[in-house]
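To start, the structure under review is shown below, and the notes come after it.
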């Protein structure tokens, strides 16, 4: 299991390891269109198989402690969690580099969708995973990526965005969405304004077949689930609980 920073370990400790569980975490190499990628998988090696799989798409810093923490938390709850690598196996940007790198993918949404699809294909091939019970979640940049993947018509049960940018499309392709959507956003997030939320909801209203929810947490800034200066414990706990209730529903 990867060593996590102390701030992350404290959050991980909020979910105890079940009796008899054997939580394992390891990198997984895979690829897309000639680019080498390296994700991270966590699961309970002692649990019965197959189990629901959760694909986690990273924030703009790439695969690292933030998504590895969430993968381990989900593994303790019985899920097989795979952290996707959008950028490339050797690409782990600094905070100063991350905005420009993420911007390249926002500017090439077909590539962003394809990178998530490559990770999805890797997850469903894992022997521990029930390929009929898959959800995709993402944080910040990853929340946007997860929603873009939903727009491809991906055959997944649900998609969860934690403080992700809400991109609208003209013409709209929302009718292609098959997954149920759960949007968890901060009420004090300058990157996701009320206008952004309203525009996103208006687009989804034009696709009445899509099942969607938007939850806004008061006082929560951008990246409110990420341990550090912007972390908000109440919003993090409430959004995590909302996600688990959503999983209970879609995987029933």
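In this note's numbering, the protein residues as written are 404 to 655. Heads up, the beta-carbon is just placed ideally off N, CA and C, and yes, glycines get one too. If you're wondering where the values come from, they're calculated on a predicted model, not measured in any experiment.
* **Segment limits, beta strand (DSSP E) that includes residue 494** => Residue 494 sits at position 91 when you count from the first residue of the chain shown. Counted as a single uninterrupted DSSP element, the stretch harbouring residue 494 is not any beta strand (DSSP E), since DSSP gives it neither H nor E.
* **Neighbourhood of residue 477 by C-beta, 6 Å cutoff - its chain only, sequence neighbours within 5 removed** => Translated into positions along the chain shown, residue 477 becomes position 74. Around residue 477, the same chain offers 457 and 484 as residues with beta carbons nearer than 6 Å, after the five sequence neighbours per side are excluded.
* **Separation of residue 423 from residue 603, as counted between CA atoms** => Indexing the chain shown from 1 puts residue 603 at position 200. Indexing the chain shown from 1 puts residue 423 at position 20. Taking the straight line joining both Cα atoms gives about 44 Å.
* Which of the three DSSP states, helix, strand or coil, is assigned to residue 601? -> Residue numbering aside, residue 601 sits at position 198 when the chain shown is read from its first letter. Residue 601: helix per DSSP, three-state reduction.
* Taking all protein chains shown into account, do 16 or more other C-beta atoms lie within 10 angstroms of the C-beta of residue 612, making it buried, or fewer, making it exposed? -> On the chain shown, position 209 is the one that residue 612 refers to. Exposed: under 16 other Cβ atoms inside 10 Å.
* To do: Determine the DSSP secondary structure at residue 410, reduced to helix, strand or coil.
  => Counting from 1 along the chain shown, the entry for residue 410 is found at position 7. Helix.
* **Distance CB(residue 490)-CB(residue 465) smaller than 7 Å** => Start at 1 with the first residue of the chain shown, and residue 490 comes out as number 87. Start at 1 with the first residue of the chain shown, and residue 465 comes out as number 62. A contact, by the Cβ cut-off of 7 Å.
* Secondary structure at residue 463, three-state DSSP: helix, strand or coil? -> On the chain shown, residue 463 is found 60 positions in, with the first residue counted as 1. Residue state for residue 463 is assigned as coil, using DSSP reduced to three classes.
* By a C-beta neighbour count over all protein chains shown, 10 Å radius and 16 as the cutoff for buried, is residue 653 buried or exposed? -> On the chain shown, position 250 is the one that residue 653 refers to. It counts as buried.
* Ranges of the beta strand (DSSP E) found wholly within the stretch 570 to 630, counting only runs of at least 3 -> 583 to 589 and 615 to 620
* **6 Å Cβ shell around residue 578 - same chain, five flanking residues per side excluded** => In the chain shown, the residue the question calls residue 578 occupies position 175. Excluding sequence positions up to five before and after residue 578, its CB lies within less than 6 Å of the CB of 610, all in the same chain and listed in chain order.
* To do: State whether the stretch 562 to 577 contacts the stretch 489 to 505, with contact taken as three or more CB pairs (one from each stretch) at a distance under 8 Å.
  => no
* Drop a sphere of 10 angstroms on the beta-carbon of residue 436, count the other beta-carbons inside from all chains shown, and report buried for 16 or more, exposed for fewer. => Indexing the chain shown from 1 puts residue 436 at position 33. So residue 436 counts as exposed.
* Asked: Whose C-alpha, out of 645, 532, 533 and 629, is nearest the C-alpha of residue 587?
  -> For this step, residue 587 is matched to residue 184 along the chain shown. Residue 587 has its Cα closest to that of 645, out of 645, 532, 533 and 629.
* Asked: Using CA coordinates, which residue listed in 530, 539 and 501 is at the minimum distance from residue 649?
  -> Indexing the chain shown from 1 puts residue 649 at position 246. Closest option to residue 649, judged by alpha-carbon separation, among 530, 539 and 501: 539.
* With a 10 Å radius around its C-beta and 16 neighbouring C-beta atoms as the bar for buried, classify residue 573 as buried or exposed. => To locate residue 573, count along the chain shown from 1; it is residue 170. Using a 10 angstroms sphere on the CB of residue 573, the tally of other CB atoms stays under 16, which defines it as exposed.
* To do: List the endpoints of the continuous alpha helix (DSSP H) containing residue 403.
  => There is simply no residue 403 to check, as the chain begins at 404 and stops at 655 in what is shown.
* **Span of the beta strand (DSSP E), counted from its first residue to its last, around residue 444** => Within the chain shown, numbered from 1, the residue matching residue 444 stands at position 41. Counting along the chain, the beta strand (DSSP E) containing residue 444 begins and ends at 438 to 447.
* Span of the beta strand (DSSP E) around residue 479 -> Along the chain shown, read from residue 1 onward, the residue named residue 479 stands at position 76. Per DSSP, residue 479 lies in no beta strand (DSSP E) segment; the continuous alpha helix (DSSP H) that holds it begins and ends at 468 to 479.
* Nearest residue (CA-CA) to residue 469, options 415, 547, 584 and 535 -> Along the chain shown, read from residue 1 onward, the residue named residue 469 stands at position 66. Among 415, 547, 584 and 535, the Cα nearest to that of residue 469 is on 415.
* Asked: With residue 486 and residue 442 assumed to form a contact (beta carbons below 8 Å), what rounded beta-carbon distance in angstroms separates them?
  -> Here the question's residue 486 lines up with position 83 in the chain shown. Here the question's residue 442 lines up with position 39 in the chain shown. In this structure residue 486 is in contact with residue 442, their Cβ atoms being roughly 5 Å apart against a cut-off of 8 Å.
* Using the Cα positions of residue 404 and residue 605, report the straight-line distance between them to the nearest angstrom. => Position 1 of the chain shown, counting from 1, holds the residue named residue 404. Position 202 of the chain shown, counting from 1, holds the residue named residue 605. Because the pLDDT at residue 404 is just 48, under 50, the model does not fix this residue reliably, and the value given afterwards should be weighed accordingly. The straight-line gap from Cα to Cα measures roughly 43 Å.
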